[in-house]
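Down below is the structure, laid out as structure tokens.
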Amino acid sequence: MLPLEDDPGDILRKAMNGRRFTADHLAHGSGVPAHRISAWIRGEPCDATREECDAIAHILDLKPSAFADAVARRWSPHSIVHPHIDTHVQAPHPSNGYVYFLDSCKRAILVDPAGIAEPIFRVLADKAYHLQYILVTHKHADHCDAVAEIAHAFPDARIVMHPLDAHALGPLEASVLRVRDGDTIPVGDETVIRALHTPGHTDGSTSYLLQSTLFSGDTLFAGSVGGAYGELSTYDDILHSIEGRLFTLPEETIVMPGHGPPTTIAEERIHNPFFPHHL
Ligand SMILES: [Fe+2]
Numbered sequence: 001m002l003p004l005e006d007d008p009g010d011i012l013r014k015a016m017n018g019r020r021f022t023a024d025h026l027a028h029g030s031g032v033p034a035h036r037i038s039a040w041i042r043g044e045p046c047d048a049t050r051e052e053c054d055a056i057a058h059i060l061d062l063k064p065s066a067f068a069d070a071v072a073r074r075w076s077p078h079s080i081v082h083p084h085i086d087t088h089v090q091a092p093h094p095s096n097g098y099v100y101f102l103d104s105c106k107r108a109i110l111v112d113p114a115g116i117a118e119p120i121f122r123v124l125a126d127k128a129y130h131l132q133y134i135l136v137t138h139k140h141a142d143h144c145d146a147v148a149e150i151a152h153a154f155p156d157a158r159i160v161m162h163p164l165d166a167h168a169l170g171p172l173e174a175s176v177l178r179v180r181d182g183d184t185i186p187v188g189d190e191t192v193i194r195a196l197h198t199p200g201h202t203d204g205s206t207s208y209l210l211q212s213t214l215f216s217g218d219t220l221f222a223g224s225v226g227g228a229y230g231e232l233s234t235y236d237d238i239l240h241s242i243e244g245r246l247f248t249l250p251e252e253t254i255v256m257p258g259h260g261p262p263t264t265i266a267e268e269r270i271h272n273p274f275f276p277h278h279l
């Protein structure tokens with residue numbers, strides 16, 4: 001079993017914040033004592049029974065079976081080893097950074113460079129591919145605070161980001177290739193990267209589709225979703241972004257998230273507790 005990004009307490013906290021439920025509200029509606037709910041949100045082991053899971057899921061509009069699986073730690077996605085992607089650590093951040101190597105045209109695409117850049121430089125130096133784009137999914141430091149260092153070393157690489165989040169790059173904002181929902185950018189040959197605006201975690205959060213791989217940033221995780229921290233966008237927006245933009249992608253699409261293990265659209269439609277209306 002691969003460890004998931006979010007435990008049951010994280011799932012509860014995000015759903016309660018999104019629905020504006022306090023522990024007392026949820027206790028009143030579900031019959032589960034508030035002190036137990038509060039303990040789970042603080043990170044204490046969640047020992048909810050199946051009946052309690054069902055009652056909580058009903059109130060918070062979660063998928064009962066998937067929430068019960070999360071509590072019992074019964075599910076994680078199948079292990080995926082992507083043949084074209086390097087996944088590197090971004091210490092001191094816990095975020096995932098990726099490099100997609102396109103063999104056909106010897107181009108490299110970097111996603112969300114953050115933290116100490118040395119491992120990124122090493123990965124790029126190992127293969128003599130041309131770094132064409134630096135894709136940034138959103139403005140949080142654990143996804144973009146190494147962009148300046150990388151861009152300085154690779155001045156030909158274009159930084160790609162949604163305009164609503166690009167201010168996070170400071171002076172580099174002026175050089176950003178601004179993408180909006182549905183925009184495509186070419187990569188060598190006939191390959192394109194498609195930008196999907198998926199607001200909710202931040203207003204400019206963007207997922208990028210390259211061939212049959214989706215880089216979902218902090219919008220969609222295996223078995224969870226990102227927190228709703230937008231100034232203009234909301235919890236409902238992040239759910240709509242996923243249901244309307246990501247769950248309509250082919251089921252075999254591989255999802256490489258900003259935190260936690262890779263997954264697929266098919267697995268998330270079935271197992272993600274935030275989407276009760278998908279089988
Ligand atoms: Fe984030």
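Using my numbering, read the sequence shown as starting at 1 and increasing by one per residue. Don't be surprised by glycine CBs; every beta carbon is placed ideally from N, CA and C.
Residue i CB to nearest heavy atom of ligand 1 below 8 Å
i           : result
residue 203 : no
residue 235 : no
residue 162 : no
residue 58  : no
residue 200 : no
residue 98  : no
residue 142 : yes
residue 28  : no
residue 7   : no
residue 229 : yes
residue 138 : yes
residue 188 : no
residue 218 : yes
residue 226 : yes
residue 258 : yes
With 16 other Cβ atoms within 10 Å as the buried cut-off, status of residue i
i           : result
residue 207 : buried
residue 161 : buried
residue 63  : buried
residue 108 : buried
residue 135 : buried
residue 49  : exposed
residue 225 : buried
residue 79  : exposed
residue 281 : Absent from the model: residue 281. The displayed extent of the chain is 1 to 279, so no value can be given.
residue 141 : exposed
residue 212 : exposed
DSSP bridge partner residues for residue i (one or two, in chain order)
i           : result
residue 86  : 99
residue 264 : 254
residue 22  : Its beta-bridge partners do not exist; DSSP assigns none.
residue 206 : 197
residue 288 : Not covered by the structure: residue 288. The range shown for the chain is 1 to 279.
residue 186 : 192
Unbroken beta strand (DSSP E) run spanning residue i, endpoints
i           : result
residue 154 : It is not in any beta strand (DSSP E) - residue 154 carries neither H nor E in the DSSP assignment.
Residue range of the alpha helix (DSSP H) that includes residue i
i           : result
residue 60  : 50-60
residue 212 : It is not in any alpha helix (DSSP H) - residue 212 carries neither H nor E in the DSSP assignment.
residue 122 : 118-126
residue 36  : 34-41
Within 8 Å, do at least three Cβ pairs link the region 99-108 to the region 178-195?
Contact between the region 178-195 and the region 99-108 is present, because at least three Cβ pairs lie under 8 Å.
For the 8 Å Cβ check, are there 3 or more pairs between the region 107-124 and the region 90-98?
Yes, the region 107-124 is in contact with the region 90-98.
Can you confirm whether the region 253-272 touches the region 40-60 when touching is taken to mean that 3 or more C-beta pairs between the two stretches lie within less than 8 Å?
Because the criterion of three Cβ pairs below 8 Å is not met, the region 40-60 and the region 253-272 do not touch.
Would you be able to state if there are at least three C-beta pairs under 8 Å between the region 30-44 and the region 7-14?
Using a C-beta cut-off of 8 Å, the region 7-14 makes contact with the region 30-44, since at least three inter-stretch Cβ pairs fall below that distance.
Quick check: the region 245-257 against the region 30-39, are there 3 or more CB pairs under 8 Å?
Verdict: no, contact absent.
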